[in-house]
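**Student:** Take a look at the following structure, please.
2 protein chains.
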Amino acid sequence: MSTLINELKQNKIPGYISKIACEEMIPESLLIQNILKGYVVIPKNNQHSLKKPIAIGKNCRIKVNANIGSSPVSCDFDYEYKKLQTAIQAGADTIMDLSIAGDNHQFRRRIIKSGNIILGTVPIYDTLLEIGDLNNLNIDHFLQVMEHQAKQGVDFMTIHAGIQKKHLSLLNKRTLEIVSRGGSILVRWMRYYNRENFLYEYFDKILNIAKEYDITLSLGDGLRPGCIADANDKAQFGELKTIGELVQRCRDMNVQVIVEGPGHVPLHLIKENVKKEKIICDGAPFYVLGPLVLDYAPGYDHITAAIGGALAGMYGADFLCYVTPAEHLRLPSLEDVHDGVIASKIAAGAADLSHNHPESIKRNLIMSKARRNFNWEKQREMAIDKDKFSRYLELDKEITTDNQPCSMCGEWCALKRK
Amino acid sequence: MSTLINELKQNKIPGYISKIACEEMIPESLLIQNILKGYVVIPKNNQHSLKKPIAIGKNCRIKVNANIGSSPVSCDFDYEYKKLQTAIQAGADTIMDLSIAGDNHQFRRRIIKSGNIILGTVPIYDTLLEIGDLNNLNIDHFLQVMEHQAKQGVDFMTIHAGIQKKHLSLLNKRTLEIVSRGGSILVRWMRYYNRENFLYEYFDKILNIAKEYDITLSLGDGLRPGCIADANDKAQFGELKTIGELVQRCRDMNVQVIVEGPGHVPLHLIKENVKKEKIICDGAPFYVLGPLVLDYAPGYDHITAAIGGALAGMYGADFLCYVTPAEHLRLPSLEDVHDGVIASKIAAGAADLSHNHPESIKRNLIMSKARRNFNWEKQREMAIDKDKFSRYLELDKEITTDNQPCSMCGEWCALKRK
Numbered sequence: 053m054s055t056l057i058n059e060l061k062q063n064k065i066p067g068y069i070s071k072i073a074c075e076e077m078i079p080e081s082l083l084i085q086n087i088l089k090g091y092v093v094i095p096k097n098n099q100h101s102l103k104k105p106i107a108i109g110k111n112c113r114i115k116v117n118a119n120i121g122s123s124p125v126s127c128d129f130d131y132e133y134k135k136l137q138t139a140i141q142a143g144a145d146t147i148m149d150l151s152i153a154g155d156n157h158q159f160r161r162r163i164i165k166s167g168n169i170i171l172g173t174v175p176i177y178d179t180l181l182e183i184g185d186l187n188n189l190n191i192d193h194f195l196q197v198m199e200h201q202a203k204q205g206v207d208f209m210t211i212h213a214g215i216q217k218k219h220l221s222l223l224n225k226r227t228l229e230i231v232s233r234g235g236s237i238l239v240r241w242m243r244y245y246n247r248e249n250f251l252y253e254y255f256d257k258i259l260n261i262a263k264e265y266d267i268t269l270s271l272g273d274g275l276r277p278g279c280i281a282d283a284n285d286k287a288q289f290g291e292l293k294t295i296g297e298l299v300q301r302c303r304d305m306n307v308q309v310i311v312e313g314p315g316h317v318p319l320h321l322i323k324e325n326v327k328k329e330k331i332i333c334d335g336a337p338f339y340v341l342g343p344l345v346l347d348y349a350p351g352y353d354h355i356t357a358a359i360g361g362a363l364a365g366m367y368g369a370d371f372l373c374y375v376t377p378a379e380h381l382r383l384p385s386l387e388d389v390h391d392g393v394i395a396s397k398i399a400a401g402a403a404d405l406s407h408n409h410p411e412s413i414k415r416n417l418i419m420s421k422a423r424r425n426f427n428w429e430k431q432r433e434m435a436i437d438k439d440k441f442s443r444y445l446e447l448d449k450e451i452t453t454d455n456q457p458c459s460m461c462g463e464w465c466a467l468k469r470k
Numbered sequence: 053m054s055t056l057i058n059e060l061k062q063n064k065i066p067g068y069i070s071k072i073a074c075e076e077m078i079p080e081s082l083l084i085q086n087i088l089k090g091y092v093v094i095p096k097n098n099q100h101s102l103k104k105p106i107a108i109g110k111n112c113r114i115k116v117n118a119n120i121g122s123s124p125v126s127c128d129f130d131y132e133y134k135k136l137q138t139a140i141q142a143g144a145d146t147i148m149d150l151s152i153a154g155d156n157h158q159f160r161r162r163i164i165k166s167g168n169i170i171l172g173t174v175p176i177y178d179t180l181l182e183i184g185d186l187n188n189l190n191i192d193h194f195l196q197v198m199e200h201q202a203k204q205g206v207d208f209m210t211i212h213a214g215i216q217k218k219h220l221s222l223l224n225k226r227t228l229e230i231v232s233r234g235g236s237i238l239v240r241w242m243r244y245y246n247r248e249n250f251l252y253e254y255f256d257k258i259l260n261i262a263k264e265y266d267i268t269l270s271l272g273d274g275l276r277p278g279c280i281a282d283a284n285d286k287a288q289f290g291e292l293k294t295i296g297e298l299v300q301r302c303r304d305m306n307v308q309v310i311v312e313g314p315g316h317v318p319l320h321l322i323k324e325n326v327k328k329e330k331i332i333c334d335g336a337p338f339y340v341l342g343p344l345v346l347d348y349a350p351g352y353d354h355i356t357a358a359i360g361g362a363l364a365g366m367y368g369a370d371f372l373c374y375v376t377p378a379e380h381l382r383l384p385s386l387e388d389v390h391d392g393v394i395a396s397k398i399a400a401g402a403a404d405l406s407h408n409h410p411e412s413i414k415r416n417l418i419m420s421k422a423r424r425n426f427n428w429e430k431q432r433e434m435a436i437d438k439d440k441f442s443r444y445l446e447l448d449k450e451i452t453t454d455n456q457p458c459s460m461c462g463e464w465c466a467l468k469r470k
């Protein structure tokens with residue numbers, strides 16, 4: 053089997069490339085060039101019959117990922133599958149299954165078989181799940197798990213290979229040492245054995261599997277700041293430097309790669325985050341979790357993350373991992389998943405608009421003209437959440453009809469005074 | 053009676069100045085200097101026994117206003133009063149009563165008598181309400197209404213005096229000509245009579261009343277862009293130029309003044325908005341409505357506005373007018389008011405943090421340390437919405453107890469791996 057980059061280098065252009073270029077409103081040649089340079093990825097396992105591949109990166113619209121999956125205290129895969137459907141319905145472009153309990157193999161098979169969405173995983177989770185004891189982790193087990201997931205058809209995988217022994221002393225000054233689940237597993241292992249991170253040490257073997265199945269590697273930021281006080285610190289940027297080197301190694305192997313980013317970052321430090329990633333990782337697509345611009349808004353972290361995500365997107369982040377209102381509090385409900393995706397889609401849309409994306413300009417314009425004309429049906433069609441739109445209007449449905457203003461101003465509506 | 057600026061110029065320092073300086077964590081002398089320069093206002097009618105005056109502007113934390121009030125299709129002042137209580141409870145710093153139906157005199161008296169919060173109004177509304185026919189509007193009626201409200205104790209008033217005849221032709225190219233309720237009233241009157249805006253023409257008389265009662269004038273942006281397509285256009289900045297002149301006329305009379313801003317603005321044009329206001333209006337506090345960074349998210353405009361408000365705040369906006377999820381759809385419910393205030397408080401908090409405000413740094417740090425220690429009670433205490441925090445945790449209360457992680461990761465919690 054071959055990777056997309058290999059194919060493109062041999063001038064074999066898969067059929068979906070022209071579709072994606074058309075959807076992104078960019079020339080096919082530009083899309084191909086960006087993929088070859090590593091500025092754009094199309095996460096698609098060559099075993100996965102994915103109905104609609106998408107592109108992430110330069111000149112493409114910003115994409116949104118939704119995390120789902122079981123936890124030790126809540127393991128109901130039917131409910132998790134409903135979350136997947138909710139997320140897709142709300143507009144998620146990709147899904148990550150972060151299950152850490154139960155039979156997630158079956159669950160993943162179900163998602164992949166549907167062919168409906170790009171799937172990502174964090175294979176260190178299953179490795180630990182299967183081995184049971186963190187201290188027994190090793191690269192062979194990890195590679196077995198990775199290969200198993202690769203054969204299943206997983207499209208992209210988070211690999212926390214950027215954490216090195218030399219970074220660990222930098223964690224002493226932190227308020228929240230490590231908040232990455234994967235990162236914490238590896239750091240504890242490294243400390244226990246006083247050894248280098250086996251994902252870093254055996255990165256070549258990881259690359260071999262990624263190459264065989266054309267898995268897009270998502271270089272995880274295991275040392276991402278988990279609170280404002282730790283943002284942009286030496287540990288974070290130390291890991292980013294290593295990630296930058298790993299990006300080059302992926303490219304040398306024609307393996308697609310993206311880079312994960314924080315986390316909790318105050319507004320004024322977001323630009324530095326994005327610019328640094330773009331320089332250090334030579335334009336690799338940047339996949340950010342938030343960033344959350346405040347620590348003290350639990351219950352509303354979809355909003356703190358939408359603020360940070362919009363700003364990161366404006367500065368060049370390519371891919372937003374959603375954050376739900378349940379972050380820091382509980383495993384998300386269906387409603388949380390929905391609200392998280394919508395908030396991220398708003399952030400992505402605002403950032404696309406800041407890049408003057410023609411599709412975004414058009415959608416905003418159609419909505420505004422529909423407002424001018426009191427065309428509520430057209431407004432509904434353009435709305436990011438048609439159901440909520442209807443729900444809000446229906447409460448006033450005797451009042452709000454076509455050609456009439458809403459109940460906010462009634463006859464005093466500014467648009468009615470001509 | 054005298055204005056605060058007059059008093060300060062005579063070295064008479066009201067008792068609340070030191071309290072505000074203490075709360076803002078700035079030297080009293082800096083606060084006074086900022087007020088004298090017009091960079092900070094303390095909106096407080098000299099007839100109003102306000103329990104807790106607050107400062108808005110330079111070196112002060114960003115403040116949040118919540119709009120309430122009746123509309124022709126929904127006029128229930130007891131419900132509006134509950135909105136006021138909800139808004140205060142959620143953290144609103146000021147309230148504007150935008151009632152356009154029913155006996156709002158009684159309603160305002162009730163609010164002012166409580167002494168609990170700074171109250172703003174838009175006197176052109178009552179003027180039209182009383183006269184009934186827009187074409188019969190005139191400056192005398194307006195001044196009567198303004199004086200009546202001034203005697204009641206209203207602290208700040210929106211005056212759309214910046215719209216001039218010369219701006220009207222600039223509206224032809226707009227997608228949404230005018231979305232300001234007050235602006236639309238005045239523009240229709242100006243067009244009907246082909247005359248100059250009487251608020252501009254008789255601004256001296258307005259200043260006289262403002263001076264007598266020490267009312268802070270909020271120079272309304274009647275030509276604010278109501279959609280992305282109209283952002284930062286000639287009409288908007290034309291009006292801003294006139295507003296800049298009016299700011300000077302206020303200062304010449306020792307009348308406190310703030311400037312209202314948009315509206316709908318894409319992310320990448322927000323900085324220009326704030327910087328222009330600060331230059332053209334010589335550092336007068338900037339009071340923005342949003343800005344909303346997308347047109348197509350009705351039902352979520354508290355989020356589109358929080359994104360824009362956070363960014364505006366980072367660049368120097370001083371005062372955020374909340375936007376609720378009901379914007380563009382209906383008069384807000386209690387829940388909408390609550391969610392609108394919280395979203396604006398998040399934006400304000402994120403912007404304060406971007407200015408390294410010590411109180412904000414502290415609150416984020418306490419929250420993060422409480423997270424590290426699984427101290428859920430302390431987290432609740434620091435949370436922006438304690439009730440939602442509890443609600444989310446209670447669903448898992450058998451799981452989430454002190455010293456234990458939440459249901460997101462359970463035993464896999466990164467913070468538990470030491």
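Note that the protein sequences, when read in sequence, are chains A and B.
To convert, take the position in the first sequence, counting from 1, and add 52; that gives the numbering used here.
To convert, take the position in the second sequence, counting from 1, and add 52; that gives the numbering used here.
Glycine included, every Cβ here is placed at the ideal spot set by N, Cα and C.
Distance check for F194(B) and I176(B), CA to CA, integer angstroms please.
**Tutor:** Stepping through the second sequence from its first residue, residue 176(B) is reached at position 124. Stepping through the second sequence from its first residue, residue 194(B) is reached at position 142. Put simply, the backbone Cα of I176(B) is about 7 Å away from that of F194(B).
**Student:** Compare the beta carbon distance of A202(A) and Y265(A) with 7 Å and say whether it is the shorter of the two.
**Tutor:** The count along the first sequence starts at 1 and reaches residue 202(A) at position 150. The count along the first sequence starts at 1 and reaches residue 265(A) at position 213. It is a contact, given that the beta carbons lie within the stated cut-off.
**Student:** Pick helix, strand or coil for H193(B), following the three-state DSSP scheme.
**Tutor:** To locate residue 193(B), count along the second sequence from 1; it is residue 141. DSSP places H193(B) in helix when its eight states are reduced to three.
**Student:** Per DSSP, L445(B) forms a beta bridge with which residues?
**Tutor:** For this step, residue 445(B) is matched to residue 393 along the second sequence. Answer is none; L445(B) lacks a bridge partner.
**Student:** Report the residue ranges of all beta strand (DSSP E) runs contained in full by the segment 97-178 of chain B; include only those spanning at least 3 residues, in chain order.
**Tutor:** 115-120, 146-149, 170-173
**Student:** Once the 5 residues before and after M366(B) are set aside, which same chain residues still bring their CB inside 7 Å of it?
**Tutor:** For the purposes of this step, residue 366(B) is identified with residue 314 of the second sequence, where counting begins at 1. So the list reads A403, S406, once near-sequence residues are dropped.
**Student:** Taking the C-alpha atoms as reference points, what is the distance between G290(B) and H219(B)?
**Tutor:** The count along the second sequence starts at 1 and reaches residue 290(B) at position 238. The count along the second sequence starts at 1 and reaches residue 219(B) at position 167. Their backbone Cα atoms lie some 7 Å apart in a straight line.
**Student:** Around the C-beta of N97(B), are 16 or more other C-beta atoms found within 10 angstroms, so that it is buried, or is it exposed?
**Tutor:** Walking along the second sequence from the start, residue 97(B) turns up at place 45. That one is buried.
**Student:** Please check if any C-beta of chain B sits within less than 7 Å of the C-beta of G172(A).
**Tutor:** Start at 1 with the first residue of the first sequence, and residue 172(A) comes out as number 120. G172(A) does not count as touching chain B.
**Student:** Determine the contact status of G109(A) and R303(A), defining contact as a CB-CB distance below 7 Å.
**Tutor:** As a position in the first sequence, residue 109(A) is number 57, starting the count at 1. As a position in the first sequence, residue 303(A) is number 251, starting the count at 1. Taking 7 Å as the Cβ cut-off, G109(A) and R303(A) do not qualify as a contacting pair.
**Student:** Consult DSSP for C302(A) and reduce its assignment to one of helix, strand or coil.
**Tutor:** Indexing the first sequence from 1 puts residue 302(A) at position 250. In the structure shown, C302(A) sits in a helix (DSSP, three-state: H, G or I).
**Student:** Could you tell me whether the Cβ atoms of G313(B) and D273(B) are closer together than 7 Å?
**Tutor:** For the purposes of this step, residue 313(B) is identified with residue 261 of the second sequence, where counting begins at 1. For the purposes of this step, residue 273(B) is identified with residue 221 of the second sequence, where counting begins at 1. Going by beta carbons, G313(B) and D273(B) fall inside the 7 Å limit.
**Student:** For T210(B), count neighbouring Cβ atoms within 10 angstroms of its own Cβ and tell me buried if that reaches 16, exposed if not.
**Tutor:** Working through the second sequence from its first residue, we reach residue 210(B) at position 158. Buried.
**Student:** Assuming M77(A) is part of the beta strand (DSSP E), what are its boundary residues?
**Tutor:** One-based indexing of the first sequence puts residue 77(A) at position 25. Run containing M77(A): none; DSSP gives neither H nor E here.
**Student:** So is the beta-carbon of I355(B) under 6 Å away from any non-hydrogen atom of the ligand ADP?
**Tutor:** As presented, the structure is devoid of all ligands, the ligand ADP included, so that no description of it is given.
**Student:** Please classify I280(A): does DSSP put it in a helix, a strand, or coil?
**Tutor:** Along the first sequence, one-based indexing puts residue 280(A) at 228. I280(A): helix per DSSP, three-state reduction.
**Student:** Which residues bound the beta strand (DSSP E) around F208(A)?
**Tutor:** For the purposes of this step, residue 208(A) is taken as the residue at position 156 of the first sequence. Residues 208-211.
**Student:** Can M148(A) and N119(A) be called in contact, C-beta distance under 7 Å?
**Tutor:** Looking up residue 148(A) in the first sequence gives position 96. Looking up residue 119(A) in the first sequence gives position 67. Contact check for M148(A) against N119(A) passes: the beta carbons are separated by less than 7 Å.
**Student:** Determine the closest residue to A73(B) out of R233(B), A107(B), K293(B), with distance taken between C-alpha atoms.
**Tutor:** Position 21 of the second sequence holds residue 73(B). When the alpha-carbon of A73(B) is set against those of R233(B), A107(B), K293(B), the nearest one is in A107(B).
**Student:** Is any beta-carbon of chain A found at less than 7 Å from that of Y444(B)?
**Tutor:** Residue 444(B) sits at position 392 when you count from the first residue of the second sequence. Y444(B) counts as touching chain A.
**Student:** Could you work out which residues of chain B lie near K421(A), taking near to mean beta carbons separated by less than 7 Å?
**Tutor:** In the first sequence, residue 421(A) corresponds to position 369, counting from 1. The contacting residues are T227.
**Student:** Please work out which residues of its chain come closer than 7 Å, Cβ to Cβ, to A358(B), disregarding the five sequence neighbours upstream and downstream, and give them in chain order.
**Tutor:** Counting from 1 along the second sequence, the entry for residue 358(B) is found at position 306. Excluding positions up to five away in sequence, the list reads A395, S396, I398, A399.
**Student:** I want to know whether the segment 456-467 of chain B touches the segment 226-241 of chain A - three or more CB-CB distances under 8 Å.
**Tutor:** yes
**Student:** So within the segment 244-289 of chain A, which uninterrupted beta strand (DSSP E) runs reach at least 3 residues, ignoring any that extend past its ends?
**Tutor:** 268-271
**Student:** Where does P79(B) land, buried or exposed, given buried means 16+ other C-beta within 10 angstroms?
**Tutor:** Taking the first residue of the second sequence as 1, we reach residue 79(B) at position 27. In this structure P79(B) is exposed. Its beta-carbon is surrounded by fewer than 16 other beta-carbon atoms within 10 angstroms.
**Student:** Using the C-alpha atoms, what's the distance from C461(B) back to V125(A)?
**Tutor:** Along the first sequence, one-based indexing puts residue 125(A) at 73. Along the second sequence, one-based indexing puts residue 461(B) at 409. Roughly 8 Å separates the two Cα atoms.
**Student:** Among R424(B), N187(B), P350(B), which one has its Cα closest to the Cα of N416(A)?
**Tutor:** Against the first sequence, residue 416(A) aligns to sequence position 364. Closest by alpha carbon: P350(B).
**Student:** Taking the continuous beta strand (DSSP E) assigned at V309(B), which residues delimit it?
**Tutor:** If you number the second sequence from 1, residue 309(B) lands on position 257. If you look at V309(B), you'll find it in the beta strand (DSSP E) that goes 309-313.
**Student:** Short of 6 Å in beta carbon distance, which residues of its chain neighbour L292(B), apart from the five on each side in sequence? Order them along the chain.
**Tutor:** Looking up residue 292(B) in the second sequence gives position 240. Within the same chain, and ignoring the five residues on either side of L292(B) in sequence, the residues whose Cβ sits closer than 6 Å to its Cβ are I332.
**Student:** Give a yes or no on whether 7 Å exceeds the smallest Cβ distance from W464(A) to chain B.
**Tutor:** Position 412 of the first sequence, counted from the first residue, corresponds to residue 464(A). True, the Cβ-Cβ gap to chain B drops below 7 Å.
**Student:** Per DSSP, which residues does L341(B) bridge with? Please list them.
**Tutor:** If you number the second sequence from 1, residue 341(B) lands on position 289. L341(B) is bridged to C373(B).
**Student:** At 8 Å on the CB atoms, spell out the chain A contacts of R113(B), in chain order.
**Tutor:** Numbered from its first residue, the second sequence carries residue 113(B) at position 61. Under the 8 Å cutoff, chain A gives no residues; its nearest Cβ is about 14 Å from R113(B).
**Student:** Taking just the CA atoms, how far does I322(B) sit from E329(B)?
**Tutor:** Here residue 329(B) refers to the residue found at position 277 when the second sequence is read from its first residue. Here residue 322(B) refers to the residue found at position 270 when the second sequence is read from its first residue. Approximately 11 Å, taken between the alpha carbons.
**Student:** Are S412(A) and C279(B) close, meaning C-beta to C-beta below 7 Å?
**Tutor:** Stepping through the first sequence from its first residue, residue 412(A) is reached at position 360. Stepping through the second sequence from its first residue, residue 279(B) is reached at position 227. No.
**Student:** How long is the line joining the alpha carbons of K61(A) and L88(A), rounded to whole angstroms?
**Tutor:** For this step, residue 61(A) is matched to residue 9 along the first sequence. For this step, residue 88(A) is matched to residue 36 along the first sequence. Answer to the nearest angstrom: the Cα atoms are 8 Å apart.
**Student:** Report the option in N427(A), Q137(A), K263(A) whose CA atom is closest to the CA atom of I170(A).
**Tutor:** Counting from one through the first sequence, the residue named residue 170(A) turns up at place 118. Selected option, being the one with the closest Cα: Q137(A).
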